[in-house]
Amino acid sequence: MVRLLINEFSYESTNRIELRNIHITFAKGSCVVITGKSGCGKSTLLRLINRLIPNYYKGTLNGSISINGKNINEYSNDELVAKVGCVFQNPSSQFFNVDTESEIAFGCENLGISREKIARRVLGTAEILGINHLLNRSIFSLSGGEKQLIAIASIYAMGVEIFLMDEPSANLDKIATKQLQRVIGILKDQGKTVIIAEHRLHYLKEHVDRLLIIEDGNIKEDLKRKEIISLSTKELHAKGLRALNLEQIRPAEAAVTADKSILVENLTVGYKNGPPVFTGLYQCFGRGIINGIVGRNGCGKTTFIKCLCGMLKEDKGYISISGKRYSYKKRLGKIYMVLQNTTSQLFADSVLGELILASRTSESDCAYSHDEVLKMLGLQHLEQRHPMSLSGGEKQRLAVAVGIVQNSEVIVLDEPTSGLDYNNMLIVKKVLKILKNKDKYIIVITHDQEFLTTVCERVIEL
186 MVRLLINEFS YESTNRIELR NIHITFAKGS CVVITGKSGC GKSTLLRLIN
236 RLIPNYYKGT LNGSISINGK NINEYSNDEL VAKVGCVFQN PSSQFFNVDT
286 ESEIAFGCEN LGISREKIAR RVLGTAEILG INHLLNRSIF SLSGGEKQLI
336 AIASIYAMGV EIFLMDEPSA NLDKIATKQL QRVIGILKDQ GKTVIIAEHR
386 LHYLKEHVDR LLIIEDGNIK EDLKRKEIIS LSTKELHAKG LRALNLEQIR
436 PAEAAVTADK SILVENLTVG YKNGPPVFTG LYQCFGRGII NGIVGRNGCG
486 KTTFIKCLCG MLKEDKGYIS ISGKRYSYKK RLGKIYMVLQ NTTSQLFADS
536 VLGELILASR TSESDCAYSH DEVLKMLGLQ HLEQRHPMSL SGGEKQRLAV
586 AVGIVQNSEV IVLDEPTSGL DYNNMLIVKK VLKILKNKDK YIIVITHDQE
636 FLTTVCERVI EL
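Numbering (our numbering), first residue to last: 186 to 647.
This is the structure:
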């Protein structure tokens with residue numbers, strides 16, 4: 186059992202109250218989903234439960250957190266990690282080894298468990314979670330979904346009681362999401378407590394016992410399972426939440442490829458000292474159309490768009506834009522890409538500063554002022570904030586804002602809705618429609634089925 190009695194919490198870096206009046210208890214063996222707008226405090230709650238606050242993130246807490254009736258501060262680090270485990274949105278950030286068996290064993294080794302017991306735990310974990318096929322593999326060869334399963338396995342092997350997951354489906358394809366759903370069911374059946382901060386709800390409908398909706402650091406609603414599954418998609422959307430049933434989503438109208446297009450001819454791309462990721466690829470993307478790209482984790486989507494944007498040189502083939510062939514160096518200045526990890530493409534010391542910097546590097550003037558772009562993406566109240574202090578969803582929207590200001594002819598977005606709630610997903614949808622009407626080339630890579638269905642007019646599977 187986990188009990189939070191939080192009167193107020195604020196980070197040392199901002200001095201802004203992030204959480205207030207959070208008085209809740211998570212029952213043993215329950216699956217609780219925490220949702221709400223980007224930046225509402227979901228990740229902060231998880232950090233308090235696993236003591237990343239204050240061990241890593243500094244802040245001031247007025248209140249207490251207890252596990253099984255014992256204050257969290259009374260647990261030693263060894264005791265706490267044996268009870269609480271966390272799976273981050275990007276599992277690669279929590280790996281310490283280069284092969285899967287060593288990674289699953291790593292936590293157990295740090296707890297001082299004997300070699301023989303660790304070997305049994307690794308094999309037992311793989312059997313129970315159904316991941317025997319992932320043993321004896323290089324971490325670097327795994328897809329995003331496979332990495333999530335290894336991260337869960339490494340925690341499971343330690344025998345923890347409480348699993349925390351922060352946006353675990355954000356970068357997973359449809360099949361990997363189903364695997365995650367299956368594993369969550371196994372954990373719940375074994376009496377584990379599973380607490381998930383998440384926007385995408387559809388894969389959790391079979392397991393969720395309780396849904397907490399956070400707004401401005403407060404619990405706005407606390408819904409039990411019967412209340413959750415009785416909500417229609419329309420009612421969920423009215424609350425700013427994603428759909429539980431994707432079948433109820435109205436799809437965007439299909440579009441045909443326009444005469445003016447990006448043409449990919451006989452493209453072969455690979456990495457140094459490795460085999461080609463794909464060979465002989467032919468494809469075209471229309472102007473004034475929202476083009477979607479889907480495919481399994483690891484199938485080559487990100488490699489393809491890196492090549493398209495000029496970040497990776499093609500081995501063979503050609504890429505033409507509006508009838509003119511461009512070398513990879515020339516494509517660099519013509520195509521703007523919103524990366525999956527937007528942190529690596531934000532450079533200024535304020536949100537407004539990012540747009541000013543984008544204006545200085547742009548070859549043509551944007552039709553909108555900086556204020557208009559910020560309002561368009563719901564960022565006007567954050568213009569003086571440092572980009573690194575923003576939530577994941579806010580960073581995503583800021584990166585899109587930079588692309589608008591740069592006024593690029595081609596805009597490519599890699600998972601633009603990871604970390605976004607329903608209302609902010611609608612904002613990105615609205616912005617893409619505006620860019621479409623400006624006759625831009627728009628290419629979106631996404632695993633977000635709700636976004637894909639409602640926004641993309643043409644979908645290509647790699």
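The beta carbon of each residue, even a glycine, is placed where N, CA and C say it ideally should be. In this text, all values refer to a predicted model and were calculated from it rather than measured experimentally.
| query | result |
| --- | --- |
| Reference E450; option with closest CA among R410, Y467 and V462 | Y467 |
| Span separating the alpha-carbon of G563 from that of I596 | 20 angstroms |
| For G542, the nearest candidate out of L237, C551, S549 and F532 (CA to CA) | For the sequence presented, residue 542 should be read as Leu rather than Gly. For L542, the nearest C-alpha among the options comes from F532. |
| Whether L386 touches V393 by CB criterion (9 angstroms) | yes |
| Alpha-carbon to alpha-carbon, T631 and L641 | One detail in the question is off: residue 641 reads as Cys in this sequence, not Leu. Computed Cα separation, rounded: 10 angstroms. |
| Where the beta strand (DSSP E) through Y626 begins and ends | Y626 to I630 |
| First and last residue of the uninterrupted beta strand (DSSP E) at R435 | Taken as a continuous stretch (DSSP letters only), R435 belongs to no beta strand (DSSP E), as it is neither H nor E. |
| Opposing strand residues paired with M522 [DSSP bridges] | V597 |
| Beta strand (DSSP E) segment containing P461, residue limits | P461 to G471 |
| Contact set for G221: own chain, Cβ-Cβ below 7 angstroms, skip 5 residues either direction | K227, I398, I399, E400 and D606 |
| Limits of the unbroken beta strand (DSSP E) element including C216 | C216 to G221 |
| K255 versus G344: straight-line alpha-carbon distance, rounded | 19 angstroms |
| Which of helix, strand or coil DSSP assigns to K409 | strand |
| Rounded C-alpha distance that separates T639 from I434 | 7 angstroms |
| Cβ-heavy atom distance, K509 to the ligand PLP, below 8 angstroms | For the ligand PLP, the structure offers nothing, since it holds no ligand at all. |
| I371 versus S549, F348 and L204, residue with shortest Cα-Cα distance | F348 |
| Sequence-distant residues of the same chain with beta carbon closer than 6 angstroms to K618, five excluded per side | none |
| Three-state secondary structure assigned by DSSP to T602 | coil |
| Of the residues K411, E406 and N200, the one placed nearest K390, counting alpha carbons only | K411 |
| Of the listed residues E288, A304, I504 and K332, nearest to G483 (C-alpha basis) | K332 |
| Terminal residues of the alpha helix (DSSP H) in which S544 lies | V536 to T546 |
| Rounded separation between E579 and P572 - CA only | 9 angstroms |
| CB of Q581 within 9 angstroms of CB of V523, strictly | yes |
| Check whether E649 and G425 have beta carbons under 9 angstroms apart | Since the first residue of the chain shown is 186 and the last is 647, residue 649 is not available in this structure. |
| CB of I191 within 9 angstroms of CB of C271, strictly | no |
| Coarse secondary structure for Y196, derived from DSSP in three states | strand |
| Residue burial classification, R427 (beta-carbon count within 10 angstroms, cutoff 16) | buried |
| Close-in-space but distant-in-sequence residues of the same chain around T453 (CB under 8 angstroms, 5 per side omitted) | P461, F463, T464, G465, L466, E499, D500, K501 and G502 |
| Supposed close pair S223, G604 - CB separation, criterion 8 angstroms | 6 angstroms |
| Cutoff 6 angstroms; reference I645; Cβ partners in own chain excluding five residues on either side | I478 |
| N295 and G329 closer than 9 angstroms at C-beta | no |
| Identity of the residue in E259, N206, S574 and L559 nearest E197 by Cα | S574 |
| Assumed close pair I381, V218 - CB separation to whole angstroms, cut-off 8 angstroms | 5 angstroms |
| D407 and L416 closer than 9 angstroms at C-beta | no |
| Distance, I404 Cα to E594 Cα | 43 angstroms |
| Option in I313, R322, E352 and P353 with minimal Cα separation from A338 | I313 |
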